[in-house]
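In what follows, a structure is listed as C-alpha cells, so that the remarks can point back to it.
Number of protein chains: 2
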Amino acid sequence: MAQAKNADLRNLDGVAKRAGVSTATVSRVLNNQNVVKNSTRARVLKAAEELKYHPNLHARSLARGKSRTLGILVSNMENPFFFDIYRALESAAHARGYEVVVANTDYSSEQLVSSVRLMIGWRVAGLAAIVSEMDSHLMQVLTDSKIPIVFYDVGTPQKNITNVRVDYRKGMKKIVEYLHSLGHTRMAFLGHHSTLGPISERRKTFLETVARLAPNAEAQIVAAADGLEGGRQAARELLSSGFQPTAILCVNDFMAVGVLRHLRDQGIRVPDDVSVTGFDNIRLAEFCSPALTTVHIPRERIGQTIFGNLVPDKASDRLIGQEILVDPELVVRESTGVARQTQAIESRQRSASGLPV
Amino acid sequence: MAQAKNADLRNLDGVAKRAGVSTATVSRVLNNQNVVKNSTRARVLKAAEELKYHPNLHARSLARGKSRTLGILVSNMENPFFFDIYRALESAAHARGYEVVVANTDYSSEQLVSSVRLMIGWRVAGLAAIVSEMDSHLMQVLTDSKIPIVFYDVGTPQKNITNVRVDYRKGMKKIVEYLHSLGHTRMAFLGHHSTLGPISERRKTFLETVARLAPNAEAQIVAAADGLEGGRQAARELLSSGFQPTAILCVNDFMAVGVLRHLRDQGIRVPDDVSVTGFDNIRLAEFCSPALTTVHIPRERIGQTIFGNLVPDKASDRLIGQEILVDPELVVRESTGVARQTQAIESRQRSASGLPV
DNA sequence: TTGAAAGCGCTACCAG
DNA sequence: CTGGTAGCGCTTTCAA
Chain L
420 MAQAKNADLR NLDGVAKRAG VSTATVSRVL NNQNVVKNST RARVLKAAEE LKYHPNLHAR
480 SLARGKSRTL GILVSNMENP FFFDIYRALE SAAHARGYEV VVANTDYSSE QLVSSVRLMI
540 GWRVAGLAAI VSEMDSHLMQ VLTDSKIPIV FYDVGTPQKN ITNVRVDYRK GMKKIVEYLH
600 SLGHTRMAFL GHHSTLGPIS ERRKTFLETV ARLAPNAEAQ IVAAADGLEG GRQAARELLS
660 SGFQPTAILC VNDFMAVGVL RHLRDQGIRV PDDVSVTGFD NIRLAEFCSP ALTTVHIPRE
720 RIGQTIFGNL VPDKASDRLI GQEILVDPEL VVRESTGVAR QTQAIESRQR SASGLPV
Chain S
420 MAQAKNADLR NLDGVAKRAG VSTATVSRVL NNQNVVKNST RARVLKAAEE LKYHPNLHAR
480 SLARGKSRTL GILVSNMENP FFFDIYRALE SAAHARGYEV VVANTDYSSE QLVSSVRLMI
540 GWRVAGLAAI VSEMDSHLMQ VLTDSKIPIV FYDVGTPQKN ITNVRVDYRK GMKKIVEYLH
600 SLGHTRMAFL GHHSTLGPIS ERRKTFLETV ARLAPNAEAQ IVAAADGLEG GRQAARELLS
660 SGFQPTAILC VNDFMAVGVL RHLRDQGIRV PDDVSVTGFD NIRLAEFCSP ALTTVHIPRE
720 RIGQTIFGNL VPDKASDRLI GQEILVDPEL VVRESTGVAR QTQAIESRQR SASGLPV
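Sequence order for the protein chains is L and S.
The numbering used here applies: residue 420 is where the first sequence begins, and numbers increase by one.
The numbering used here applies: residue 420 is where the second sequence begins, and numbers increase by one.
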C-alpha cells in the first residue's frame with residue numbers, strides 16, 4: 420500500500436479531480452460511451468491531455484476481465500515464411516481492433532513452455548501456435564486453459580482447439596512427380612531438425628512418393644538447423660556423404676537458399692548439374708539466383724484463417740474444434756531442369772579442387 | 420462487479436482455500452520467497468497444480484506497480500537487420516529475467532503512435548525505439564512518459580533518453596572511397612523512403628564524399644520501399660532514368676538483393692558491368708549471388724548495448740541521456756570490382772532486348 | 001447525465 | 001512462518 424502515495428497522479432482519479440467529475444465519468448469518456456454531456460466530455464479530455472494521462476492497460480484488463488489481445492507463438496520468426504503468417508494475422512487483428520503479442524521460441528521447448536505461461540498469464544483472448552515443438556503435456560495445459568487456440572500444422576482438434584493444416588503431402592508429391600518427369604532418380608530430402616520428428620509429412624511423403632514412382636530410385640535424408648546457414652551446412656554434409664543426388668528437395672525455401680550457396684562454392688551448377696527445390700514460395704525464392712522452383716503456400720490466407728478462427732464473428736464461418744486444409748501449388752522457376760546423366764557432381768568437384776577431370 | 424462470481428476459482432483465493440492457507444502465503448510461495456515452511460509450500464504447490472492455476476499477470480503488474488517487460492518498436496521486422504537487433508536484445512533481456520514485447524510499425528507513423536500508446540499503457544520498464552518515423556510530438560510524449568528509452572539512430576539524448584548511433588558517415592565514406600579507388604565515377608545511391616528524410620546520414624555522406632573525392636563524378640539518388648521488391652523497383656527506376664552508374668550503393672543489404680535481381684534480369688553482370696554495395700552485413704549478404712560487398716554493423720552488440728542502457732545495473736556502465744557511437748567496417752565480397760570504362764549497361768540492355776549492339 | 005462503490009487478482013505491509 | 005488487509009487503476013452496476 421501507500422506506494423509513494425500520489426507522487427504521480429496520472430490515473431483516473433487524477434484526471435477526475437482535475438476535471439471536477441467522478442472516475443466513472445472519466446472512464447466513460449475514455450471509452451467513448453456516448454452518454455456523457457459534451458461539455459463534461461471536453462473538460463475530461465482537456466484534463467487528461469494536460470496530465471499526459473495514459474490509461475493503465477493492466478488495470479483495464481483486470482477490471483474488464485477479458486482482453487482484446489491475441490497471442491502468437493512462432494518457432495522461427497527469422498524464417499520469412501513464419502513472418503508472413505504473423506504479419507497477415509496481425510494485420511487482420513488490427514483491422515478488427517485486436518492487439519497482438521508475439522513470442523519467438525527458436526525451436527526451443529523451454530522457450531515454448533515459458534512463452535505459453537506468459538500468454539496464459541496475460542489472459543490473451545486467443546492463441547495462435549505456429550510451432551513444431553509441442554508435447555502432450557503442453558497440449559494439455561493449453562486445452563485446460565480454455566483459451567481459444569488455433570494450431571498451425573501440428574496439434575489435434577479439440578473443444579477449444581482448431582487446426583489449420585497445409586496439405587504438405589500434396590505439395591511434396593507434386594515436386595517429386597515433377598522431378599521424376601524430368602528424369603531424376605537420385606534425390607535427397609534436406610530438412611531441419613524439427614522435420615525429423617514423426618510429424619514431418621514432407622519427409623515421409625518424399626520417401627513414399629519416390630518409392631512409388633521409381634522403385635529403383637535412390638533417396639537420402641539429411642538435416643541441420645533451420646535457416647540459411649543450416650541449409651549450407653546440410654548441403655555440405657549431404658555431398659560429403661558420398662551420395663550423388665541429381666536433385667535436392669529442401670524442406671523450405673529459406674534453407675534452399677543456403678543450399679544454393681554451398682553448391683555455388685563447389686562449382687556445381689544449378690540446375691545444370693543438380694536441381695534444387697524449396698517449399699513455401701517466400702519472397703526470397705524469387706530473388707535468389709537461380710530463382711527457386713518451389714511450392715506456394717498462401718501465408719496471407721493462413722494468417723487470416725487463423726484470425727478468423729480465433730475471434731468470434733457471426734459473419735464468418737468458424738470451424739472451431741475442426742481442421743482446415745490449405746492446398747499448395749507447384750511454382751516452377753529456374754532451379755530445376757532435366758536430370759543430368761553423368762556423375763556431374765563428382766567431376767565438378769574434382770575440377771573445382773584443381774584435380775584432373 | 421460480481422462477474423460470474425466464482426465460476427472459475429483459478430485465482431489466488433481459490434488456491435489459498437484449497438491449500439487451507441491465506442492468499443498472502445500463496446503469493447509468497449509463487450514468488451518463491453524462502454520464508455514459507457516446506458510442508459506448507461508443498462500443499463500450496465499441489466493446490467495450484469490441481470487447479471491448473473496460472474497467475475494473472477495483469478493483476479501482478481498492477482499490484483507491483485512496476486513491470487519487468489521491455490517494449491521494442493521496430494520499423495521493419497522483415498528486414499533481417501532489425502530482426503537481428505531485436506533478437507540480441509530479447510536474448511539479453513531473457514538472460515536477466517525480462518520479457519520483451521515487440522511492435523512492428525511498418526514505417527507507418529499511425530502505427531507508431533498507437534504502438535507507443537500501447538507500450539506506455541503497459542507501463543513497460545523500458546522502451547527501445549528502432550524506428551525512423553519519429554516526430555517531435557511523439558518525442559515529447561515519450562519524454563513525458565518518464566520511461567527509460569533508448570533510440571537507435573534517430574532521437575536526441577535527454578533526461579530519460581539514450582541514443583545508440585552507428586557512425587554511418589564513416590561507413591559510407593569507406594564505401595565511396597573504396598569504389599573510387601576502383602575507378603568508379605558514376606555512382607548512384609539507392610535508398611528507401613525514410614532515408615530521404617533529413618536524418619539520412621548515409622545519403623548526405625554519399626553526396627559529400629563523392630563530391631570531395633571526384634569533383635567531376637556524377638551522382639544520382641533514387642528510392643523505393645524498403646525490402647527486396649523495393650530494391651528491384653528502385654533499380655528499375657534508376658536504370659530507366661538514363662543515368663548509367665558504374666556502381667550502385669544501396670542503403671542496406673536487403674534492398675541490394677533486390678537490385679541484384681533486377682540487374683540479372685537485364686543481363687547486366689555484377690560486378691563486371693556494374694558494382695553493387697549493401698550496408699549492414701546481414702546473413703543474406705553472404706548467401707546471395709554474387710555475395711555482397713557491404714559494411715558490417717554489429718547488430719548483436721547494438722542489441723546488448725540497448726538492453727544495458729534500458730535496465731539498471733550497477734555493474735555495467737550505462738550512459739543514460741548520452742549518445743553511444745558504434746563503428747562500422749567495410750566487408751569486401753564479390754559484388755564490386757574495377758569500374759568498366761565503356762557504357763556497359765546500355766550495350767547490355769540493347770543486346771538483352773534483341774537490338775543490335 | 002452523473003456519482004458512489006464494489007470488485008478484478010495480486011502484492012506487500014503490519015501484526016502476531 | 002503465517003494471516004489480515006489495504007491498496008494498485010480501472011470498469012461497471014445501481015441509484016439518483
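In this text, a Cβ means the ideal position worked out from N, Cα and C, and glycines have one as well.
Would you give the residue range spanned by the beta strand (DSSP E) that residue i belongs to?
i                : result
Val585 (chain S) : 580-585
Ile667 (chain L) : 666-669
Thr524 (chain L) : Run containing Thr524 (chain L): none; DSSP gives neither H nor E here.
Tyr571 (chain L) : 568-571
Phe608 (chain S) : 605-611
Ala548 (chain L) : 545-549
Hey, quick one: how far does the alpha helix (DSSP H) through residue i stretch, first residue to last?
i                : result
Asn728 (chain S) : 718-729
Arg447 (chain S) : 442-449
His513 (chain S) : 499-514
Glu637 (chain L) : Looking at the DSSP string, Glu637 (chain L) is not in any alpha helix (DSSP H); the run it does join, the beta strand (DSSP E), is 637-643.
Val695 (chain S) : Where Val695 (chain S) is concerned, there is no enclosing alpha helix (DSSP H), although the beta strand (DSSP E) it sits in stretches over 694-696.
Leu557 (chain L) : 555-564
In whole angstroms, give me the CA-to-CA distance for residue i and residue j.
i                : j                : result
Gly540 (chain S) : Phe726 (chain S) : 21 Å
Val751 (chain S) : Gly574 (chain L) : 47 Å
Leu679 (chain S) : Asp732 (chain L) : 45 Å
Val532 (chain L) : Arg688 (chain S) : 49 Å
Arg702 (chain S) : Pro717 (chain S) : 12 Å
His611 (chain S) : Ala643 (chain S) : 5 Å
Asp586 (chain L) : Glu742 (chain L) : 11 Å
His784 (chain S) : Pro690 (chain S) : There is no way to answer for residue 784 (chain S), as the model of chain S reaches only from 420 to 776.
Arg651 (chain L) : His681 (chain L) : 5 Å
Val454 (chain L) : Val445 (chain L) : 12 Å
Ala438 (chain S) : Gln452 (chain S) : 17 Å
Ala654 (chain S) : Asp692 (chain S) : 14 Å
Glu748 (chain L) : His715 (chain L) : 5 Å
Asn450 (chain S) : Tyr517 (chain L) : 31 Å
Gly590 (chain L) : Ile580 (chain L) : 25 Å
Ile568 (chain S) : Leu729 (chain S) : 7 Å
Ser600 (chain S) : Thr713 (chain L) : 42 Å
Asn430 (chain L) : Val440 (chain L) : 13 Å
Asp672 (chain S) : Asp525 (chain L) : 24 Å
Phe625 (chain S) : Arg588 (chain S) : 8 Å
Leu476 (chain S) : Val550 (chain S) : 28 Å
Arg487 (chain S) : Glu529 (chain S) : 27 Å
Since I believe residue j is in contact with residue i (beta carbons under 8 Å), could you give me their beta-carbon distance rounded to a whole number of angstroms?
i                : j                : result
Ala758 (chain L) : Gly602 (chain L) : 4 Å
Val583 (chain S) : Phe570 (chain S) : 7 Å
Met606 (chain S) : Leu598 (chain S) : 6 Å
Arg481 (chain L) : Ala478 (chain S) : Going by the sequence as given, residue 481 (chain L) is Leu instead of Arg. Right, the Cβ-Cβ distance comes to about 5 Å (below 8 Å), so this counts as a contact.
Given residue i, which residues of its chain have a CB within under 8 Å of its CB, disregarding the five upstream and five downstream residues?
i                : result
Leu508 (chain S) : Leu489, Ile491, Val519, Ala547, Gly722, Gln723, Ile725, Phe726
Leu464 (chain S) : Val448
Thr847 (chain L) : One cannot answer for residue 847 (chain L) here, as it falls past the ends of chain L, which runs 420 to 776.
Please classify residue i: is it buried, with 16 or more other beta-carbons within 10 angstroms of its beta-carbon, or exposed?
i                : result
Lys592 (chain L) : buried
Asp427 (chain S) : exposed
Ala461 (chain L) : exposed
Ala630 (chain S) : exposed
Asn635 (chain L) : exposed
Gly484 (chain S) : exposed
Ala443 (chain S) : exposed
Asp554 (chain S) : exposed
Asp432 (chain L) : exposed
Pro617 (chain S) : exposed
Arg506 (chain L) : buried
Near residue i, which residues of its chain fall below 7 Å by C-beta distance, leaving aside the five closest residues on each side in sequence?
i                : result
Ala710 (chain L) : Ala704, Arg752, Glu753, Ser754
Val670 (chain S) : Leu609, Gly610, His611, Thr614, Arg621, Phe698
Val434 (chain S) : Val445, Val463, Ala466, Ala467, Leu470, Tyr472
By Cβ distance below 6 Å, which residues in the same chain neighbour residue i in space, the five residues on each side in sequence not counted?
i                : result
Arg515 (chain L) : none
Gln639 (chain L) : Ala607, Phe662
Asn495 (chain L) : Phe501, Asp645
Leu657 (chain S) : Ala607, Val641
Less than 7 Å separating the Cβ of residue i from some heavy atom of the ligand ZN?
i                : result
Phe570 (chain L) : Looking at this structure, you won't find the ligand ZN or any other ligand, since it has none at all.
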